[in-house]
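Numbering-wise (the numbering used here), the sequence shown opens with residue 29 and increments by one. We put the CB at the ideal spot given by N, CA and C, even for glycine. Predicted model only: the values in this text are computed from it and were never measured. Note sheet for the following structure.
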Amino acid sequence: MKLPANPGGNVSGTGKISALFGSVKNLMVQHKKITAAVALVLVVAVYGTYRTTQQTDASALQNTAQAEVTRGSIEVTVTGTGTIVPVAAEDIGPNVSGTVKKIYVQNGDRVKKGDLLAEVVNDSLGVEVANARLELEKAALNLKDSSTQLSDDIITAPFSGRIVNLEVKKGEETSKGAVLATLQDDSQLVFDMPVDSDTAKKVYVNQKVEVFLPDQGETVEGRVIVKNSQPVSGYSGENRVYIKVAVAARGNLSSGMKAFGTVTVGGKQVDALAVSSLQWMNETGLKATLNGEVAAIYVQEGQTVKKGQKLFALHSDTAQNEQKTQQVAYEQALLNLNDLQQQLADLKVTAPIDGIVSGMDIKEGDEIGTGSSGSTGTKTSDTQSSASSSTTGSAKTFGKIINTDQVEVSFPVDEVDIAKVKIGQVANLTVDALPDRVFKGKVTEIAEEGQVTNNVASFDVTILVDNSEKLLKSGMTANVTIVVARKDNAVLIPVEALQERGQRKFVLVPADDGSGQGRNMRPVTVGLMNESFAEITQGLQEGDKILIPGQQSDTRNARTMMPGFGGPPPGSNRNSGTRSSGSGGWH
């Protein structure tokens, strides 16, 4: 047999015992065979239950406080601690070895980017720069020469004329200087006519000349095209001078024919001093400009071409490779010169950023080695100091330039909370030295890779803070609070009032029978929650009365058990707990 279940709601101790006696009576009526002994046992059990319930209810009510549902603002935060560092802090020092000639600043001086901080001298560096310039000029000439050879792989006509004696075929190998074909300007034939020096002085360009052709037995007209006044030595008893005469080409004329000229000077005919030979006006052998292959022939033998017309294409892997080699050599020489010129400029050490000089540890006359310049933009927090010596030429820096217009703080947040932190969220920062000041910042960086300790990962979160007042100093310990969620005008209750049963949440409310002895369990829906308050989105309204059980002194760290309802109270999970110093957490 089963006892009927308690339906819940407002049930006092007297009501409970009455219900139990009624149940016994019904059982006896339904089961006539129940003996008096069994009935007596049931009565005793019911009475014991009644006494226990009376005592439990009295104890619970004596330790229960009453509160009123209110409205207000609620924030959920992640907190942690970290060390303040300047956003911009860079090392200063030369990139060259030398002797410190002059120092213009001291620790604590405020400088602007580009201000001269110190000068270093290095006598050998000027010589190295001069030598590098010469090497660059040499490399430039070699590159130009190789490029010229490369561009000459296309052979063009140097003048208008006709292709004769084509010497090569496509695909054949040729060598630099080899004749590929002959180009003739066959529009005219010329010959050098020897005359005495007096006659040479009197003739003029374009003067008519009678030209007798012994091979043809005829006389043709010619013209003086070049007048030469310089006598030719080697002839006894006469001063012989050559003038050049041109004859229009005809079908029966060709190079190599004999020619004898007569010119009229001062009304008298003067014959040439000797017989000459006709030649084409212009004739040249077209030569290969590199060692390689005849890649293409664009003309045929006997073809008439114009000046500049493309005739042959030559290909040479050697020429191309040489051009590439010289290009690399030129670039290397240029880089070397630029590097040395930069070193020369680095003899004057300037401030890489605006800020304050710090850690200056040199004096005039010190011998220094190669150092790391602040112009690299390396943060001080990321830079490890290196050993230095004023005599061995090892790395050395002058000090640092620190700009504290903005500072930043990084602290670890554990893997459970990191998903709630977003770039751009507002953060409040406090330091022990200024307990009454709260500095505003924002999240600027969240580490992509976590650090694992005891199987729990944490991720560094970086906060950027304005420090225009210069109140925050590098090295201070800062307490950071990031607001990850906030709601205004929310319905709020103390977290101690929440009860849990499985996945459901409830609150105790006073019974409405006016007895002042009972209470009801009311289901609620919870929104935001921190260590003090919970937002109620459904189930309660502003002004409602609720009961806060007080069996436990610290509801955040222990379970509050109510008769018939069990489960952890709010505040016992990590979302509302306060994290230890140095790590992120809810509070």
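Simplified DSSP assignment, three categories, for residue i
i    : result
Y270 : strand
T425 : coil
L306 : coil
T408 : Confidence at T408 is low in this model, with a pLDDT of 41, below 50, so the placement of that residue should be treated as unreliable; the coordinate-derived value is given next. T408: helix per DSSP, three-state reduction.
A167 : helix
K229 : helix
V66  : Its pLDDT being 40, under 50, V66 is placed unreliably in this model, and the value from its coordinates should be taken loosely. Correct three-state label for V66: helix.
E156 : helix
Q348 : helix
K172 : helix
T353 : helix
K141 : coil
A455 : strand
L362 : helix
A33  : Caution is warranted here: a pLDDT of 34 is assigned to A33, below 50, making its placement in the model unreliable, and the coordinate value is therefore given only provisionally. Coil, per DSSP.
K448 : helix
G399 : Reliability fails at G399, whose pLDDT of 45 lies under 50, so the model's placement of it is uncertain and no value is given.
D374 : helix
D367 : helix
L314 : strand
D382 : coil
L568 : coil
D516 : strand
V556 : Reading off the sequence, residue 556 comes out as Leu, not Val. Note: L556 maps to strand in three-state DSSP.
7 Å CB neighbourhood of residue i in its chain, flanking five on each side removed
i    : result
K338 : I182, T184, Y326
G571 : E96, V97
Q371 : N123, V124, L153
Start-to-end residues for the alpha helix (DSSP H) that takes in residue i
i    : result
D394 : It is not in any alpha helix (DSSP H) - D394 carries neither H nor E in the DSSP assignment.
A300 : A300 -> no alpha helix (DSSP H), and no H or E assigned at all.
Residues near residue i in its chain [Cβ-Cβ closer than 6 Å; skip 5 each side]
i    : result
T312 : L211
I446 : F487
V298 : T227, V291
L457 : F467, G469, V493, A506, V508
A518 : I102, E563
L556 : I102, V104, A513, K515, E563
T247 : E238, F240
According to DSSP, residues forming a beta bridge with residue i
i    : result
D431 : Per the sequence presented here, residue 431 reads as Asn, with Asp not at that position. Partner(s): A116.
F487 : V441
V196 : According to DSSP, V196 bridges with nothing at all.
I182 : A341
P522 : F561
A539 : DSSP, once it has assigned bridges, lists no residue as partnering A539.
D494 : Q434
I191 : L211
Endpoints, beta strand (DSSP E) assigned at residue i
i    : result
E215 : At residue 215 the sequence reads Ser, which differs from the Glu that was named. It spans 207-224 - the beta strand (DSSP E) in which S215 sits, taken as one unbroken run.
I253 : 246-254
D464 : 462-474
A277 : Taken as a continuous stretch (DSSP letters only), A277 belongs to no beta strand (DSSP E), as it is neither H nor E.
E238 : 236-241
G126 : 126-131
L575 : 573-577
T481 : 479-481
T92  : 92-96
A323 : 320-325
F187 : It is not in any beta strand (DSSP E) - F187 carries neither H nor E in the DSSP assignment.
Q527 : 527-529
K501 : K501 -> no beta strand (DSSP E), and no H or E assigned at all.
G136 : Careful: G136 lies outside any beta strand (DSSP E) and carries neither H nor E.
Spatial neighbours of residue i in its chain, beta-carbon cut-off 8 Å, leaving aside the 5 residues before and after
i    : result
N234 : R251, V252, I253
T11  : Summary: the structure shown does not reach residue 11, with the chain confined to residues 29 through 615, and so no result is reported for it.
E392 : V128, K129, K130, I131
V293 : T227, K230, V231
Any non-hydrogen atom of the ligand PLP within 7 Å of residue i CB
i    : result
N517 : For the ligand PLP, the structure offers nothing, since it holds no ligand at all.
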